[in-house]
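Q:
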Amino acid sequence: MKTHELILKTLHNSNLTEELRDAEIETLANIMTVHEYKAGEHILDPGNTRLNKTLIILAEGEVEATVTVAGENVTLHLLQPGDIAGIITFVGGDVTQISATTLAKNDSKILLLERSRFENLLNTNPAIVYYIMRGLVRHVHGIVRRMNMQSVEMSNYIHRAGGRY
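With the numbering used here as the guide, the letters of the sequence shown map in order to residues 1074 to 1238.
(1) Taking DSSP's pairing of strands, which residues face THR1139 in a bridge?
(2) Can you check the segment 1081-1126 for any alpha helix (DSSP H) of at least 4 residues that lies completely inside it and give the ranges in chain order?
(3) Rank THR1139, LEU1124 and LEU1195 by C-alpha distance to the C-alpha of LEU1176 and give the top, closest one.
(4) For THR1162, report the span of its alpha helix (DSSP H) as first-last.
(5) Measure how close the beta-carbons of ILE1116 and ILE1183 come, nearest whole angstrom, since I'm counting them as under 8 angstroms.
(6) Helix, strand or coil for ALA1200, going by three-state DSSP, please let me know.
(7) For the 8 angstroms Cβ check, are there 3 or more pairs between the segment 1116-1134 and the segment 1162-1171?
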């Protein structure tokens, strides 16, 4: 599959672009690039500025987001094609706020959207910027809801076990 076709296919299948029309997706696709990662290769690491201010959308493969807790790696999420990473620095957060490591579980292709290229759309296509930012908020809200549900489940489990865990 050609690079541009891969970008379009991924964007059409991502929740991030659900409010965009085909012409707007095409405009967005024109400012994105594709990068390939081999299995086991790190994509994002805490404190690493390599992909700072870049939104990542998984196009092909599997990518795992992990965090180290008490010296042990814990999987936070297994990204599937269309899923997003790198949100913190893309929306203006500092690289020091990143705590998760993101690595390719198998050979993967990633779409990259640099914030500076995205912000250039403010002058020519502000609706694209608006709808993508809405998509990011919905995505983050979904993450928070999932984490809250997991926290409630864990609290209920601990309570039912009488505090023995």
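Think of the CB as a built atom: it goes at the ideal place given N, C-alpha and C, for glycine as much as any other residue.
A: On the basis of the supplied data:
(1) Reading the sequence shown from its first residue, position 66 is the one you call residue 1139. According to DSSP, THR1139 bridges with THR1148 and THR1174.
(2) 1095-1102
(3) The sequence position of residue 1176 within the sequence shown is 103, counting from 1. Measuring from the Cα of LEU1176, the nearest candidate turns out to be THR1139.
(4) Taking the sequence shown and counting its residues from 1, the one referred to as residue 1162 is at position 89. Residues 1160-1163.
(5) Here residue 1116 refers to the residue found at position 43 of the sequence shown. Here residue 1183 refers to the residue found at position 110 of the sequence shown. At roughly 7 angstroms, the Cβ-Cβ gap stays under 8 angstroms, so ILE1116 and ILE1183 are in contact.
(6) Here residue 1200 refers to the residue found at position 127 of the sequence shown. Looking at ALA1200 - three-state DSSP - the assignment turns out to be helix.
(7) yes
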